[in-house]
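The block underneath contains the structure these notes are about, expressed in C-alpha cells.
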Amino acid sequence: MKKVIKKILVIILFVFLVIQFFQPALNTDDGRVYTTDFTHTYKTPAEISTMLKASCYDCHSNNTNYVWYDYVQPGRWLVEKHIRQAKNELNFNEWGNYSARKQERLLHSMAEQVETGQMPLRSYTLLHKNAVLSKDQIEVLTKWLKEQP
Ligand code: HEC
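In my numbering, the protein residues as written are 58 to 206.
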C-alpha cells in the first residue's frame, strides 16, 4: 500500500514539473501609452487612477504586473483565462474606442461590481493583497464612477 502511495506521489510531482514548461504568452505591452486609456478619457484624479491600476488593470488591460507565483502552473492557465475573459468584457486601455452606449453600460456595471465587492475577483485578492480595496476606497471609487456622464 505504502509503495502505491509513493508511486502516485512521484507521478503527481512529475506531472507538476512537466506542466511548468507549458507557459502561455504573457499579457504585456512593454509600457505602451494609450491615448484611448480610461484614465486619459476622464482625466481621472490620481486617487482613482491608483485604485483602478492596483485593483483592475492586471486583468482589464494589455499589461499585467505578474508576481512570481502567477507563473506557477496550473495556476498560470487560470490567470490567463481570467485576463482573456476580463479584457473581453472591459479593457481600460481601449476605453476611447468603445461606443458611448458601451461606455455608459460599463460605467454602470463597474460601479455595481465594485460596490457589491464582486470586483476585483476574490480568487485574485486572496493572493494579491495590494489589489484589495478598503471600505472607504470602495465608497470613493463607486461614488466617482456614478458621477461620470
Ligand atoms: C483577477 C482578474 C480581475 C480583476 C483584478 C478584475 N476583474 Fe473585472 N472581470 C474579470 C473577469 C474574468 C470578468 C468576466 C467574467 C465575470 O463577469 O466574472 C470580469 C468582468 C468585469 C466587468 C463586466 C461585468 C459584467 O458582466 O458587466 C466589469 C464591469 C469589471 N469586471 C470591472 C472590474 C473592476 C472595476 C475591477 C477593479 C476594481 C476589476 N473588474 C478587477 C476579472 C477581473
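Note that CB positions come from ideal geometry on N, CA and C, so glycine has one too.
If you're wondering where the values come from, they're calculated on a predicted model, not measured in any experiment.
Residue i vs residue j beta-carbon contact at 9 Å
| i | j | result |
| --- | --- | --- |
| ASN154 | THR85 | no |
| HIS117 | GLU146 | yes |
| ASN187 | ALA103 | no |
| TYR126 | GLY132 | yes |
| LEU202 | VAL171 | yes |
| TRP152 | GLN160 | yes |
| ILE140 | THR121 | yes |
| LEU248 | GLN194 | Since the displayed the chain opens at 58 and closes at 206, residue 248 lies outside it and no answer follows. |
Residue i Cβ short of 8 Å to the ligand HEC heavy atom set
| i | result |
| --- | --- |
| GLU196 | no |
| ASN145 | yes |
| SER264 | There is no way to answer for residue 264, as the model of the chain reaches only from 58 to 206. |
| PRO177 | yes |
| ALA103 | no |
| ASP115 | yes |
| VAL171 | yes |
| TYR181 | yes |
| ILE69 | no |
| ALA82 | no |
Neighbourhood of residue i by C-beta distance below 6 Å, restricted to the same chain and skipping five residues each side
| i | result |
| --- | --- |
| THR101 | none |
Status (buried if at least 16 other CB within 10 Å, exposed otherwise) for residue i
| i | result |
| --- | --- |
| ILE65 | exposed |
| ALA82 | exposed |
| PRO177 | buried |
| LEU109 | buried |
| TYR114 | buried |
Spatial neighbours of residue i in its chain, beta-carbon cut-off 7 Å, leaving aside the 5 residues before and after
| i | result |
| --- | --- |
| VAL189 | THR182 |
| GLN77 | GLN130 |
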